[in-house]
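Sequences listed follow chains E and Y, in order.
Position one of the first sequence corresponds to residue 293 (the working numbering), numbered consecutively onward.
Position one of the second sequence corresponds to residue 16 (the working numbering), numbered consecutively onward.
Backbone N, C-alpha and C define an ideal beta-carbon position, used for all residues, glycine too.
Just so it is clear, the structure is predicted and the values come from calculations on it, not from any experiment.
What follows is a single structure, written as structure tokens, with notes after it.
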Amino acid sequence: MTAFHRMGLPERIAFIMLAAITLVAVLAPWLAPYDPYLRVAAPFLPPSLAHPFGSDEIGRDLLSRVILGVRLTWLPGLAIILISLAIGALVGLLAGAMGGWVDMALSRLTDLFLVLPSTLIALAVVAALGPGLLNTLIAIVIFWWPWYARITRAEIMAQAARPHVEAARLSGVSGARLLWRYLLPGATPTLLVTATLDVANVVLILSLFSFLGLGLPAPAPELGAMTARTLDNLTVQWWLPIMPAAVIFVLCLAANLAGDGLRSVMRGV
Amino acid sequence: MVVRFLIRRLTGLIGVLVVMSLIVFVLQSIIPADPARSVAGPNAPAEVVERIRDQLGLNKPVLVQYGDYVWRLLHGDLGTSVRTRQPVATDIVESAPASLELMLAALFVGVGMGAGVAAFQHLFRRAAFARVLLLGLGSVPIFLAALLLIWLFWFQLDWFPGGGRIGIRRFAGPTSFMLLDGILLGRGDVILSALHHMALPALTLAIPIAVSIARSITSALETTMQQPFIRMARGKGLTEGRILWRHAARASAAAPLAMIGLQVGLLFANLLIVERVFAWPGLGLYTVQAFASSDLPAVLGVSLVFGAFYIFVNILIDLAQAGLDPRVRLT
Numbered sequence: 293m294t295a296f297h298r299m300g301l302p303e304r305i306a307f308i309m310l311a312a313i314t315l316v317a318v319l320a321p322w323l324a325p326y327d328p329y330l331r332v333a334a335p336f337l338p339p340s341l342a343h344p345f346g347s348d349e350i351g352r353d354l355l356s357r358v359i360l361g362v363r364l365t366w367l368p369g370l371a372i373i374l375i376s377l378a379i380g381a382l383v384g385l386l387a388g389a390m391g392g393w394v395d396m397a398l399s400r401l402t403d404l405f406l407v408l409p410s411t412l413i414a415l416a417v418v419a420a421l422g423p424g425l426l427n428t429l430i431a432i433v434i435f436w437w438p439w440y441a442r443i444t445r446a447e448i449m450a451q452a453a454r455p456h457v458e459a460a461r462l463s464g465v466s467g468a469r470l471l472w473r474y475l476l477p478g479a480t481p482t483l484l485v486t487a488t489l490d491v492a493n494v495v496l497i498l499s500l501f502s503f504l505g506l507g508l509p510a511p512a513p514e515l516g517a518m519t520a521r522t523l524d525n526l527t528v529q530w531w532l533p534i535m536p537a538a539v540i541f542v543l544c545l546a547a548n549l550a551g552d553g554l555r556s557v558m559r560g561v
Numbered sequence: 016m017v018v019r020f021l022i023r024r025l026t027g028l029i030g031v032l033v034v035m036s037l038i039v040f041v042l043q044s045i046i047p048a049d050p051a052r053s054v055a056g057p058n059a060p061a062e063v064v065e066r067i068r069d070q071l072g073l074n075k076p077v078l079v080q081y082g083d084y085v086w087r088l089l090h091g092d093l094g095t096s097v098r099t100r101q102p103v104a105t106d107i108v109e110s111a112p113a114s115l116e117l118m119l120a121a122l123f124v125g126v127g128m129g130a131g132v133a134a135f136q137h138l139f140r141r142a143a144f145a146r147v148l149l150l151g152l153g154s155v156p157i158f159l160a161a162l163l164l165i166w167l168f169w170f171q172l173d174w175f176p177g178g179g180r181i182g183i184r185r186f187a188g189p190t191s192f193m194l195l196d197g198i199l200l201g202r203g204d205v206i207l208s209a210l211h212h213m214a215l216p217a218l219t220l221a222i223p224i225a226v227s228i229a230r231s232i233t234s235a236l237e238t239t240m241q242q243p244f245i246r247m248a249r250g251k252g253l254t255e256g257r258i259l260w261r262h263a264a265r266a267s268a269a270a271p272l273a274m275i276g277l278q279v280g281l282l283f284a285n286l287l288i289v290e291r292v293f294a295w296p297g298l299g300l301y302t303v304q305a306f307a308s309s310d311l312p313a314v315l316g317v318s319l320v321f322g323a324f325y326i327f328v329n330i331l332i333d334l335a336q337a338g339l340d341p342r343v344r345l346t
């Protein structure tokens, strides 16, 4: 973990936060102090020691709901990034390494996705196919992988001209092994930085979908939806709309700080 | 030169529109599972459903159906909204001015704020401060920004209204652009009320724009400042502010302009949220209501119009890039 040690303190904290958030997301059902779907207190309790985030309109513990909400935002967010990375890297690798008509076709396809107003079409697709986490996930992935494909292709093209690839080729390495061992590693740093920064973007877009009611149906504690359903409580029970939204902010800030730190370290390499 | 560029971009525009219309066509023909059945109702006899299927053209080959669909699109027919029972095109024409007005204001404010932050960062060497500021602002979900602004400036201070478009009852101007109408009719109260109502939603929408504009100006300036012509200007003894404004700004405009073009796509998505939170009677609110009532024709119609607008804006931006930076050639 040399890259970790070359980072400043804020970025290290950000990375530790990323790990902590992931842990919370994975362990959410066990970490939540109360059942997020059951009435456990009087409705509209302000934040207190027993209920740090207060209670909601039917007396459910808001902290427990938010912890579950982190799980429902963070894990799909990571899944979107990882799936898009896998598809994008594969397409970019093929386009960059094969060249010729394969490159032509794949690049055209990528460009087409990049000129379309992606968030908009994704919204329309989910609205048409019916709300739900899986539909949202698929719709976002469809418009996310082309960015990684483009980055990978550009990096692969740059790598292919480097001496170490030439040397590998001359010593008889070819095909999948050349791609995997000699070309892809050159593209990893850029992909890693972009992906880390993108975690924040994906979380924001996911919360936008959920705010618009395109995520899971009503009782599910999705962060964006919790804010959307309690907008009118702002002036009386401010914690209802603000707390879930503030948690989204914390998630994005951690991802942004970590990505930014990673970028400045990689740039220094 | 310019003509050839325009022709190329317009063919591109048509290509993208064809793709978008295909997506929309596919979406509306796979959902609902049987449109004829959903029009006729669950208890209608089979021959009625069959007749409706004929009327809707569902028995024709898919390609012909798509052709019919494009033909209707070309005549401005986007179908009928399930919720308002009006043609979607009419609905869009009614609510578009409110959104356009808001988006223009947001672009104006956002680009101004972004350029301000970038200039501040450059002139006063506050890179770390600006970086943290931008990372922080870039992490705020748009509805959190909207709620905090409403809470502070409406609920606590009561400086601005918390929603709506104008505070004057039964005002209807010739253009539906409140500001323009106020100016045309010489109504000071209308102009003031419109600006007053627009301030908070426009500021909310402007934040993400400002963040990405500031980022892209900063990184473009980094490159520009290494250029020989900047060294030359420094050698002449010009002040840093003058170098920035007179020499570097134009050469660094290309990337931020392209960024505006990309941001317009995200602006639509944010528009939905902001219009919903501020009860702004535009296309965004219309779309949110369409989502809520599963009004598919409305959702798809708005998407198509937004998509066309997005591509149109990006062509304008290409032209502006060439106009600003003498090194950019239109090809």
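Rounded distance between the beta-carbons of residue j and residue i, thought under 8 Å
i, j, result
"residue 155 of chain Y", "residue 541 of chain E", "6 Å"
"residue 387 of chain E", "residue 445 of chain E", "5 Å"
"residue 331 of chain E", "residue 359 of chain E", "Not confirmed; about 17 Å, so no contact."
"residue 158 of chain Y", "residue 412 of chain E", "Contact flag wrong, Cβ pair sits at about 18 Å."
"residue 121 of chain Y", "residue 259 of chain Y", "Contact flag wrong, Cβ pair sits at about 25 Å."
When the options are compared against residue i, the one with the closest alpha-carbon
i, options, result
"residue 318 of chain E", "E:297, E:363, E:301", "E:363"
"residue 518 of chain E", "E:298, E:354, E:323, E:428", "E:354"
"residue 31 of chain Y", "Y:222, Y:79, Y:321", "Y:321"
"residue 433 of chain E", "E:376, E:499, E:320", "E:376"
"residue 548 of chain E", "E:299, E:298, E:303", "E:303"
"residue 276 of chain Y", "Y:324, Y:288, Y:303", "Y:324"
"residue 278 of chain Y", "E:373, E:409, E:381", "E:409"
"residue 474 of chain E", "E:449, E:489, E:406", "E:449"
"residue 163 of chain Y", "Y:219, Y:256, Y:247", "Y:219"
"residue 356 of chain E", "E:463, E:391, E:441, E:539", "E:539"
"residue 109 of chain Y", "Y:64, Y:136, Y:188, Y:124", "Y:188"
"residue 394 of chain Y", "Y:296, Y:223, Y:101", "Residue 394 of chain Y lies beyond the range of chain Y shown here (16 to 346); nothing can be said about it."
"residue 242 of chain Y", "Y:286, Y:262, Y:70, Y:301", "Y:262"
"residue 98 of chain Y", "Y:327, Y:302, Y:233", "Y:302"
"residue 126 of chain Y", "Y:229, Y:290, Y:336", "Y:229"
"residue 398 of chain E", "E:413, E:380, E:412", "E:380"
"residue 138 of chain Y", "Y:281, Y:254, Y:202", "Y:254"
"residue 307 of chain Y", "E:418, E:457, E:382", "E:418"
"residue 291 of chain Y", "E:503, E:464, E:321", "E:503"
Distance cut-off 7 Å: residue i Cβ against heavy atoms of the ligand NAP
i, result
"residue 331 of chain E", "Among the components modelled here there is no ligand, and therefore nothing to report on the ligand NAP."
Length of the line joining the Cα atoms of residue i and residue j
i, j, result
"residue 416 of chain E", "residue 318 of chain Y", "7 Å"
"residue 198 of chain Y", "residue 204 of chain Y", "10 Å"
"residue 460 of chain E", "residue 520 of chain E", "56 Å"
"residue 531 of chain E", "residue 305 of chain Y", "29 Å"
"residue 249 of chain Y", "residue 267 of chain Y", "17 Å"
"residue 462 of chain E", "residue 34 of chain Y", "44 Å"
"residue 327 of chain Y", "residue 287 of chain Y", "20 Å"
"residue 522 of chain E", "residue 534 of chain E", "9 Å"
"residue 364 of chain Y", "residue 78 of chain Y", "A query on residue 364 of chain Y cannot be resolved here, the shown segment of chain Y reaching from 16 to 346 and no further."
"residue 555 of chain E", "residue 485 of chain E", "6 Å"
"residue 336 of chain Y", "residue 221 of chain Y", "22 Å"
"residue 64 of chain Y", "residue 309 of chain Y", "22 Å"
"residue 44 of chain Y", "residue 111 of chain Y", "27 Å"
Counted within 10 angstroms of its Cβ, other Cβ atoms place residue i as buried (16 or more) or exposed
i, result
"residue 493 of chain E", "buried"
"residue 352 of chain E", "buried"
"residue 190 of chain Y", "exposed"
"residue 329 of chain E", "exposed"
"residue 439 of chain E", "buried"
"residue 297 of chain E", "exposed"
"residue 171 of chain Y", "exposed"
"residue 505 of chain E", "buried"
"residue 348 of chain E", "buried"
"residue 70 of chain Y", "exposed"
"residue 552 of chain E", "buried"
"residue 369 of chain E", "buried"
"residue 458 of chain E", "exposed"
Legend entry - Within 8 Å of chain Y by C-beta, residues of the segment 519-531 of chain E in sequence order: 519, 520, 523, 526, 527, 530
Inset, instruction - Give the residues from the segment 537-557 of chain E that approach chain Y closer than 7 Å (Cβ to any Cβ), ordered along the chain. - result: 537, 538, 540, 541, 544, 545, 548, 549, 552
Legend entry - Under 7 Å (Cβ pairs) to chain E, residues found in the segment 265-296 of chain Y: 280, 281, 283, 284, 287, 288, 292
Inset, instruction - Scan the segment 186-201 of chain Y for residues whose Cβ lies nearer than 9 Å to a Cβ of chain E and list them as they occur along the chain. - result: none
Inset, instruction - Below 7 Å between beta carbons is the criterion; list the residues of the segment 397-414 of chain E that meet it against any residue of chain Y, in chain order. - result: 404, 407, 408, 409, 410, 411, 412, 413
Inset, instruction - Give the residues from the segment 483-510 of chain E that approach chain Y closer than 8 Å (Cβ to any Cβ), ordered along the chain. - result: 492, 496, 497, 499, 500, 503, 504, 505, 506
Inset, instruction - Could you please tell me which residues of the segment 17-43 of chain Y, in chain order, have their CB closer than 9 Å to any CB of chain E? - result: 27, 30, 31, 34, 35, 38, 39, 42, 43
Inset, instruction - Give, in chain order, every residue of the segment 302-314 of chain Y whose Cβ lies closer than 7 Å to some Cβ of chain E. - result: 303, 306, 307, 311, 314
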